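Residue numbers (our numbering): 14 to 1180.
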Amino acid sequence: MTNNVADHHPANSVAEGNHEGDFGCSMVELRNLMELRSAEAVARLSDSYGGVQNVCKRLKTSPVEGLSGNPTDLEKRRQVFGQNFIPPKKSKTFLQLVWEALQDVTLIILEIAAIISLGLSFYHPPGGDNELCGQSTGGVEDEGESQAGWIEGAAILFSVIIVVLVTAFNDWSKEKQFRGLQSRIEQEQKFTVIRKGQVIQIPVAEIVVGDIAQIKYGDLLPADGILIQGNDLKIDESSLTGESDQVKKSLDKDPMLLSGTHVMEGSGRMVVTAVGINSQTGIIFTLLGAGEGDEEKKVKKAKTQDGVALEIQPLKSQEGVENEEKEKKKVKVPKKEKSVLQGKLTRLAVQIGKAGLIMSAITVIILVLYFVIDTFGVQGRPWLAECTPIYIQYFVKFFIIGVTVLVVAVPEGLPLAVTISLAYSVKKMMKDNNLVRHLDACETMGNATAICSDKTGTLTMNRMTVVQAYVGDTHYRQIPDPEAILPKVLDLIVNGVAINSAYTSKILPPEKEGGLPRQVGNKTECALLGFVLDLKQDYQAVRNEVPEEKLYKVYTFNSVRKSMSTVLRSGSGGFRMYSKGASEIILRKCTKILDKNGDPRVFKLKDRDEMVKKVIEPMACHGLRTICLAFRDFPAEPEPDWDSENEILSDLTCIAVVGIEDPVRPEVPDAILKCQRAGITVRMVTGDNINTARAIATKCGILLPGEDFLCLEGKEFNRLIRNEKGEVEQEQLDKIWPKLRVLARSSPTDKHTLVKGIIDSTVGEQRQVVAVTGDGTNDGPALKKADVGFAMGIAGTDVAKEASDIILTDDNFTSIVKAVMWGRNVYDSISKFLQFQLTVNVVAVIVAFTGACITQDSPLKAVQMLWVNLIMDTFASLALATEPPSESLLLRKPYGRNKPLISRTMMKNILGHAVYQLTIIFTLLFAGERFFDIDSGRNAPLHSPPTEHYTIVFNTFVMMQLFNEINARKIHGERNVFEAIYRNPIFCSVVLGTFVAQIIIVEFGGKPFSCSGLTLSQWFWCIFIGVGELLWGQLICTVPTSHLKFLKEAGHGITKEEIPEEELPEDVDEIDHAEMELRRGQILWFRGLNRIQTQMDVVYTFQTGASSLQGALRRQPSIVSQHHDVKNVSSPTHVALSSVNSTPTTSAVAAAAASPPAGNQSGECVP
14 MTNNVADHHP ANSVAEGNHE GDFGCSMVEL RNLMELRSAE AVARLSDSYG
64 GVQNVCKRLK TSPVEGLSGN PTDLEKRRQV FGQNFIPPKK SKTFLQLVWE
114 ALQDVTLIIL EIAAIISLGL SFYHPPGGDN ELCGQSTGGV EDEGESQAGW
164 IEGAAILFSV IIVVLVTAFN DWSKEKQFRG LQSRIEQEQK FTVIRKGQVI
214 QIPVAEIVVG DIAQIKYGDL LPADGILIQG NDLKIDESSL TGESDQVKKS
264 LDKDPMLLSG THVMEGSGRM VVTAVGINSQ TGIIFTLLGA GEGDEEKKVK
314 KAKTQDGVAL EIQPLKSQEG VENEEKEKKK VKVPKKEKSV LQGKLTRLAV
364 QIGKAGLIMS AITVIILVLY FVIDTFGVQG RPWLAECTPI YIQYFVKFFI
414 IGVTVLVVAV PEGLPLAVTI SLAYSVKKMM KDNNLVRHLD ACETMGNATA
464 ICSDKTGTLT MNRMTVVQAY VGDTHYRQIP DPEAILPKVL DLIVNGVAIN
514 SAYTSKILPP EKEGGLPRQV GNKTECALLG FVLDLKQDYQ AVRNEVPEEK
564 LYKVYTFNSV RKSMSTVLRS GSGGFRMYSK GASEIILRKC TKILDKNGDP
614 RVFKLKDRDE MVKKVIEPMA CHGLRTICLA FRDFPAEPEP DWDSENEILS
664 DLTCIAVVGI EDPVRPEVPD AILKCQRAGI TVRMVTGDNI NTARAIATKC
714 GILLPGEDFL CLEGKEFNRL IRNEKGEVEQ EQLDKIWPKL RVLARSSPTD
764 KHTLVKGIID STVGEQRQVV AVTGDGTNDG PALKKADVGF AMGIAGTDVA
814 KEASDIILTD DNFTSIVKAV MWGRNVYDSI SKFLQFQLTV NVVAVIVAFT
864 GACITQDSPL KAVQMLWVNL IMDTFASLAL ATEPPSESLL LRKPYGRNKP
914 LISRTMMKNI LGHAVYQLTI IFTLLFAGER FFDIDSGRNA PLHSPPTEHY
964 TIVFNTFVMM QLFNEINARK IHGERNVFEA IYRNPIFCSV VLGTFVAQII
1014 IVEFGGKPFS CSGLTLSQWF WCIFIGVGEL LWGQLICTVP TSHLKFLKEA
1064 GHGITKEEIP EEELPEDVDE IDHAEMELRR GQILWFRGLN RIQTQMDVVY
1114 TFQTGASSLQ GALRRQPSIV SQHHDVKNVS SPTHVALSSV NSTPTTSAVA
1164 AAAASPPAGN QSGECVP
């Protein structure tokens, strides 16, 4: 670390303290103290402050009792040391959003065209009435009419303004929604502190300097602090340092705890020394937020909100500053693979855009050529100087027609539809107990083909109770009577449970009269404490006798040990250790067992096998988890070597084995049945033993009698899928996973391997999309790897929530089914919108194109086109994107990764309706005047007034769109298009609103909309033709899709074969190929897409708290992570890095990727 901090010893700190509101140390001093690490920190603590206890004194807090909780004291602390809140970046103002919306290329072209048109309409050349200029000024034109030439330009500008405002408003409300959601997530985050000697949970934002916080396995630290007391505490600091190895924290080696880091093991208490922007994470946030140019802002936005992932050197050193610079330059790492839907949409939009561009270019060229040839060639007129402005006016008109064709062709409504649909779903999913953290997760969920679910807490109630016990050679099928157990054995049970469990686990009286007692903390431990209470004993008395300070050594629970042990000094000067854990693991280490007289007798291998057969298997077959309690005494001299765990954890004496029941949630079997009907395979991955797992899987309906499904244990699973070198073989895995339904006794790595294997697998007709549920810290790697990660909101640890995409606020599997329904609904909504949108696009483009070529003037004027664009884009996206889901969505199979967005049925609908609309419009265009007996509107001169003829064409066109919007509600060829239409009030109001607006436009739009009023009978004809759409839709339904082999599908997902070899960069497995298409720079309206990107970006960056870069790199399985899967060791990061071009960013990636093994020495209480 830099030495400049150490130069001024705070000898005069007390004097300084007086300015700081009479606390014994100032904010700056504490900040400098927190920048030190390990030995330096210990030295500074003892030299300058006289140890942690004195820091507490100076901060006027008691290490045991905590703060008094007096409001004036808390307020004063907030004023002196700041509050625990990192202000978010300022959101964009409405004007900024308007400015962004104006960047749309098509809009810019329209604006330019409109301004030129305006300018020219005001310019009257002197020789304007010259006969020689051709018929350009002929026709019915009086003075008033020629003055109205400016209206068209003004109307275009006006409609551009409306489009911009609508877009900006959408973006703004979206951002607001996310902020609301974000703050909601933040409010829900609580932390345990001690105040007035009471352990209470307070919102993270209310923590102040001087608070005594209790930390335990799975917490995300909310502030900086110094350790007061800790058991076996290990912290994952990779989010700050990029080092993936867990850091051991202890009073004598490294007592500094930093905000934003994860507790991977152990427990303890700390005194809070820095909060909010003064904590280490806060300092980095302010570094990131300050002094960025506009360019970086865009790029960094993702970073800051995503928590911080810089390599942090000593913050004050020069190196750190340079690294910041490098960071800024190097932010354009390959983006993570976009969500399935986004990839498909991007490709589709690119294709449509190209087509539109070509069409509009051809239109303009044909118009100009026709005019030039006709005027100067056929009529042989000379080009006169005074006629030039008139000719230019013609050219501008042609240009405007070309641009309108383009505007109609490009589906700007697409990003809008996606966003509205997602935002609407997310809002509604809140009600269904799904808190969506990454918007695209909701749509991915609709494609899910497999769910790997945790057992405890998701499928079961996570309310554990001991229902059977084996004590003193007797197997009790229900809780034994306290008299039946010898006092000395009873004493061992009570001590073994009360002392050898986290002191944060306890049982509180029920909230309501007659309710069940509340279980706080680890549920397995609560079950054991409940067992003690059932035996009419009091565990709290034991804990008061032996407070946590008296515990000599604690081996906390993690997923490798699968057991927990606590060592005490016994009265006689020796040591006693209590252990508890998964029965097969503890029994293997027992050499004695207490008999019915409470005396130890030898416990041999054959005794163990017999016990497994007679006691443990019968318990497990009833779906009980079995936990073994044991103890061991050590002599005082020589003191054992506490670090050699294997020696310590051997030669135990078994006290008892208990069977813990965790009942299946009543609604789970039904939900699983729904999943299976919907074509989703549910697999159970658990740390429990195989018999328990099998029993529960059968109760849930995951295993059906008579089916040949696999149930494997972790060991067996690894034996089957790894080669001699211990590497995972995808072919081997492909043989197993399709039949695998239960994976028991699995480590976090197994879960991660399984999920990764299923996602990467290419067997079967479609790629798998995998959802994973988890609640423990050990589930982190799998949650991150999955396409969608569900974390439990109540039982889940912070680490799990951080790695997840959706948080289930009620921990309930049924909510996952709801998420599937919403996800499918989003997908369908977007398909409905596309079906509608593309019909309009095809028709409008062809009409404008042919009309322009044959009659030199588009039958639909620029302003009319913009109105059509507005209804078909903005309003239709509103109407079709807010369809509520129905249960019938769960009756079809999932779409999977490479199913095209536009299916054959939809293609049939699009083309079928286009044929109907084109036939009608061309009939009206070329024969309409005879049919309605009106003047023809074709070949009208430049500024002639609007004709009834063209108004009828425009009106009919809009009516057909309106009724086709109702057809678009069904995309799988269903006949009843009105089904449940009243359930969607938005849809009804949009259709009615559009209809009313259309009447107003036609009757009172006049010159700006190029409309003239129609008679009642003409109106009825227009509506009648519109209703024809519905009948035609029924006709299309009768044509079987299977006969139309020639129809192409569009908007596929990407397939591996399509990627040219040389474009696969080494260090990234999944590249975003849509991005590559764009990189070839063929696209004019890149901005339109950009809008999709930015809208989705708002969403990605929408992450909670200070998660690490891992958040940003979700699902980017770099090569590193595969190394680790194999070796399963926390290798030093630099080894892994050699495989990637080493840059600050990649090393952060490596750190992220290296976290699975790190997660591996941790775990939740899994028997």
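Backbone N, C-alpha and C define an ideal beta-carbon position, used for all residues, glycine too. Just so you know, these numbers come straight off a predicted model, no measurement behind them.
Spatial neighbours of residue 36 in its chain, beta-carbon cut-off 7 Å, leaving aside the 5 residues before and after: So the qualifying residues of the chain are 30, 71, 72, 73 and 93.
Three-way DSSP call (helix, strand, coil) for residue 287 in this model: Residue 287 falls in the strand class under three-state DSSP.
For residue 854: DSSP bridge partner residues: The partner list for residue 854 (beta bridge, DSSP) is empty, contrary to what the question assumes.
C-alpha distance - residue 111 paired with residue 888, whole-angstrom precision: Between residue 111 and residue 888, the C-alpha separation is close to 19 Å.
At least 3 beta-carbon pairs within less than 8 Å: the segment 811 to 821 vs the segment 232 to 245: Because the criterion of three Cβ pairs below 8 Å is met, the segment 811 to 821 and the segment 232 to 245 touch.
Bridge partners - residue 591, DSSP secondary structure assignment: DSSP, once it has assigned bridges, lists 579 and 644 as partnering residue 591.
Three CB pairs or more closer than 8 Å across the segment 681 to 688 and the segment 445 to 454: Segment contact: the segment 681 to 688 against the segment 445 to 454, fewer than three CB-CB distances shorter than 8 Å; contact not assigned.
Nearest candidate by alpha-carbon position, reference residue 892, set 802, 922, 861 and 1001: Nearest C-alpha to residue 892: 1001.
Unbroken stretches of the beta strand (DSSP E), 3 residues or longer, contained in the segment 757 to 805: Taking only runs of at least 3 residues, the beta strand (DSSP E) segments lying wholly in the segment 757 to 805 are 783 to 787 and 801 to 805.
Proximity below 8 Å, CB of residue 707 to CB of residue 688: Contact flag unset, no.
Three-state secondary structure assigned by DSSP to residue 1125: Only weak support exists for where residue 1125 lies, its pLDDT of 37 falling under 50; the coordinates are left without a value.
Reduced DSSP category for residue 605 - H, G, I as helix; E, B as strand; rest coil: Here residue 605 sits in strand by DSSP.
Residue of 289, 250 and 242 minimising C-alpha distance to residue 268: When each option's Cα is compared against that of residue 268, the closest is 242.
Runs of alpha helix (DSSP H) lying entirely within the segment 878 to 962, each at least 4 residues, in chain order: Listed in chain order, the alpha helix (DSSP H) elements of length 4 or more contained wholly in the segment 878 to 962 are 889 to 894 and 917 to 945.
Selection from 928, 1027, 371 and 902 that minimises the alpha carbon distance to residue 946: Comparing Cα-Cα distances from residue 946 to each of 928, 1027, 371 and 902, the minimum goes to 1027.
Beta-ladder partner(s) of residue 488, from DSSP: In DSSP, residue 488 forms a bridge with 483.
Three-state secondary structure (DSSP) of residue 372: Three-state result, residue 372: helix.
Segments of 4+ residues assigned as alpha helix (DSSP H) that fall wholly inside the segment 618 to 663: Annotation note: the segment 618 to 663 contains the following uninterrupted alpha helix (DSSP H) runs of length 4 or greater, listed N- to C-terminal: 618 to 624, 630 to 634 and 658 to 661.
Residue from 519, 1044, 539 and 560 whose Cα sits closest to the Cα of residue 988: Checking every option, the nearest Cα to that of residue 988 belongs to 1044.
Continuous alpha helix (DSSP H) stretch holding residue 508: start and end: Per DSSP, residue 508 belongs to the alpha helix (DSSP H) from 500 to 511.
For residue 267, the residue or residues it bridges with in DSSP: Note: residue 267 sits in a beta bridge opposite 263.
Residues near residue 342 by beta carbon distance below 8 Å, same chain, minus five either side: Per-residue confidence for residue 342 stands at a pLDDT of 33, beneath the threshold of 50, marking its modelled position as unreliable; the derived number appears in the next sentence. Closer than 8 Å at Cβ, skipping near neighbours: no residue.
CB contact check: residue 413 to chain C, cutoff 8 Å: Absence of chain C from the displayed structure is noted, only one protein chain being present.
At least 3 beta-carbon pairs within less than 8 Å: the segment 821 to 840 vs the segment 292 to 301: The segment 821 to 840 makes no contact with the segment 292 to 301; the number of CB pairs closer than 8 Å stays below 3.
Bridge-paired residues (DSSP) for residue 697: Note: residue 697 sits in a beta bridge opposite 466 and 755.
At least three beta-carbon pairs within less than 8 Å, the segment 795 to 807 to the segment 433 to 441: The segment 433 to 441 and the segment 795 to 807 do not touch, with fewer than three beta-carbon pairs separated by less than 8 Å.
Distance, residue 446 Cα to residue 477 Cα: Near 23 Å, if we compare the C-alpha coordinates of residue 446 and residue 477.
Of the residues 1046, 534 and 1019, the one placed nearest residue 922, counting alpha carbons only: Measuring from the Cα of residue 922, the nearest candidate turns out to be 1046.
Rounded C-alpha distance that separates residue 802 from residue 772: Taking the CA atoms as reference points, residue 802 sits about 13 Å from residue 772.
Cβ contact (3+ pairs, closer than 8 Å) linking the segment 715 to 722 and the segment 782 to 802: Taking a cut-off of 8 Å for Cβ pairs, the segment 715 to 722 and the segment 782 to 802 do not touch, as fewer than three such pairs fall below it.
Outcome for residue 905 when other beta-carbon atoms lying within 10 angstroms are tallied against a minimum of 16: By the beta-carbon neighbour count (other beta carbons within 10 angstroms, threshold 16), residue 905 is exposed.
Touching by the beta-carbon criterion (3+ pairs, under 8 Å), the segment 548 to 561 and the segment 569 to 576: The segment 548 to 561 vs the segment 569 to 576: no contact.
Distance between beta carbons of residue 592 and residue 662, contact taken as under 8 Å: Taking C-beta atoms under 8 Å as the contact rule, residue 662 and residue 592 qualify, at a distance of about 7 Å.
Where residue 90 falls: helix, strand or coil (DSSP): Reduced to three states, the DSSP call for residue 90 is helix.
8 Å Cβ cutoff met for residue 456 and residue 782: Contact: no.
Residue 704 vs residue 595 beta-carbon contact at 8 Å: Contact annotation: residue 704 and residue 595 have beta-carbon atoms that are not nearer than 8 Å.
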